[in-house]
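Written out below as structure tokens is the structure these notes cover.
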Amino acid sequence: MISIGIIGAGIVGERIIKQIQQEDHIQIRTVYDQQTERLTQISETYGIPMAKSVEEVLHSDINWVYIATPPAFHAEIAELAASAGINILCEKPLAHNVEGGEMMAAAAQDNRIQTAMHFPLMYKPAVREMAKRIKSGHIGKIVRIELQTFFPDWPRLWQQNPWIGSRTQGGFVREVFPHYFQLMNRLFGDLTFTSHYISYPEEIDRCETGLIAHGLTRDRIPFLVTGISGIGQKELLQFKVYGEQGVLTLENWSDLYESLKGEDRQLVTEFDDVPSLFEEMNNQSTLLVNFEEGLIVQRYIDHLLTE
Numbered sequence: 001m002i003s004i005g006i007i008g009a010g011i012v013g014e015r016i017i018k019q020i021q022q023e024d025h026i027q028i029r030t031v032y033d034q035q036t037e038r039l040t041q042i043s044e045t046y047g048i049p050m051a052k053s054v055e056e057v058l059h060s061d062i063n064w065v066y067i068a069t070p071p072a073f074h075a076e077i078a079e080l081a082a083s084a085g086i087n088i089l090c091e092k093p094l095a096h097n098v099e100g101g102e103m104m105a106a107a108a109q110d111n112r113i114q115t116a117m118h119f120p121l122m123y124k125p126a127v128r129e130m131a132k133r134i135k136s137g138h139i140g141k142i143v144r145i146e147l148q149t150f151f152p153d154w155p156r157l158w159q160q161n162p163w164i165g166s167r168t169q170g171g172f173v174r175e176v177f178p179h180y181f182q183l184m185n186r187l188f189g190d191l192t193f194t195s196h197y198i199s200y201p202e203e204i205d206r207c208e209t210g211l212i213a214h215g216l217t218r219d220r221i222p223f224l225v226t227g228i229s230g231i232g233q234k235e236l237l238q239f240k241v242y243g244e245q246g247v248l249t250l251e252n253w254s255d256l257y258e259s260l261k262g263e264d265r266q267l268v269t270e271f272d273d274v275p276s277l278f279e280e281m282n283n284q285s286t287l288l289v290n291f292e293e294g295l296i297v298q299r300y301i302d303h304l305l306t307e
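Numbering (this note's numbering), first residue to last: 1 to 307.
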């Protein structure tokens with residue numbers, strides 16, 4: 001049985017609360033957020049006791065803590081939780097930067113706690129099916145990988161908050177790309193970036209508006225990563241894997257399409273059941289994305305955010 005405390009009650013934190021309340025074998029014991037009005041709203045809406053501080057959460061009767069704060073606070077909270085012997089579920093990216101991520105990974109290892117990153121793609125049936133078809137050779141030899149992301153607005157209209165559009169903590173490279181880099185790393189091994197260009201607006205405190213990056217996988221498969229915001233189209237996310245016999249496209253997080261030679265692409269609709277993140281946590285699954293893997297992704301992010 002997992003008993004969990006939640007630190008951070010923003011949009012993503014609220015989504016996790018909704019998911020947890022649909023799960024068996026997991027109970028939310030307490031929630032904390034610095035914004036008192038938001039904390040009270042979440043507590044009353046979902047019937048969760050409020051804590052007055054991070055320390056109160058960590059001293060409650062929990063065996064896991066979920067860190068859903070902005071990235072700048074991840075390392076400090078994680079070190080406190082690890083010292084208290086509490087397992088940690090953390091939002092992505094792992095930390096504010098590589099140095100913070102290294103501190104978190106070291107604290108987890110030193111205190112022998114279990115860690116997990118909140119990468120929802122890992123628990124989507126469409127993504128598991130995509131991985132199965134790639135690894136089985138269903139689409140033949142892989143010759144190229146592409147990630148293309150298009151955002152009419154950043155921050156997105158449903159995600160307005162003070163930090164998500166800031167250069168120090170926000171931007172789509174930090175918020176969206178980690179999901180796909182983690183998936184690419186699982187599927188194809190370490191990634192090496194050979195070139196990249198990132199563009200920023202004139203306002204020095206605002207996050208990136210565009211990115212183009214090229215690189216190679218461990219087996220020297222070329223990949224292309226692009227992102228752009230403030231453009232005149234609907235939001236679109238496409239992760240494409242090109243094989244000699246077919247092409248797989250993961251579109252907008254959960255729609256999987258397959259194209260075969262000479263044929264129109266077809267939507268894949270039949271999937272095997274996949275355990276949820278919380279089932280994997282309860283079972284201490286080796287498929288969980290731990291802090292060490294989160295740190296690999298953090299290194300990719302830090303590299304790309306360098307002009």
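Even for Gly, the Cβ is constructed at its ideal location relative to N, Cα and C.
query: Expected contact under 8 Å - CB spacing of A126 and L256 to nearest Å; result: 4 Å
query: Straight-line gap, I145 to G85 (C-alpha atoms, nearest Å); result: 40 Å
query: Cutoff 6 Å; reference R299; Cβ partners in own chain excluding five residues on either side; result: V98
query: Nonlocal neighbours in the same chain, by C-beta distance under 6 Å from G170, ignoring five residues either side; result: W163, I164 and C207
query: Coil, strand or helix - G101 by DSSP; result: helix
query: Burial state of K92 (16 or more Cβ within 10 Å); result: buried
query: Cut-off 6 Å between Cβ atoms - residues of its own chain near A75, not counting five sequence neighbours on either side; result: A95, G100, M103 and M104
query: Range of the contiguous alpha helix (DSSP H) that encloses F177; result: F177 to F188
query: Enclosing alpha helix (DSSP H) for P71 [first to last residue]; result: Here P71 belongs to no alpha helix (DSSP H), and DSSP marks it neither H nor E.
query: For T306 and Y123, the rounded distance between their alpha carbons; result: 31 Å
query: Assigned exposure category for I11 - 16 Cβ within 10 Å defines buried; result: exposed
query: Contact belief for V274 with N185 at Cβ below 8 Å, rounded distance in angstroms; result: That belief does not hold up - the Cβ atoms of V274 and N185 are roughly 19 Å apart, past 8 Å.
query: Contacting residues, own chain, Cβ-Cβ under 8 Å from E55 (five flanking each side not counted); result: L80
query: Three-state secondary structure (DSSP) of H303; result: helix
query: Exposure of S229, with buried meaning 16 or more beta-carbon neighbours within 10 Å; result: buried
query: Close Cβ partners of L121 (< 6 Å) along its chain, the five nearest in sequence each way excluded; result: V127, H179 and L183
query: Inter-stretch contact at 8 Å, needing at least 3 Cβ pairs: the segment 109-117 / the segment 192-212; result: no
query: For M50, the residue or residues it bridges with in DSSP; result: V31
query: Under 8 Å between C-beta atoms of A51 and Y66; result: no
query: Distance between beta carbons of I2 and R29, contact taken as under 8 Å; result: Not quite, the Cβ-Cβ distance comes to about 10 Å (not below 8 Å), so this is no contact.
query: Beta-carbon proximity list for Q21, same chain, < 8 Å, skipping 5 on both sides; result: I28 and Y46
query: Cα-Cα separation between L277 and R174, rounded to whole angstroms; result: 21 Å
query: Cβ-Cβ distance between I142 and V247 below 8 Å; result: no
query: Contacting residues, own chain, Cβ-Cβ under 6 Å from F181 (five flanking each side not counted); result: V297 and Y300
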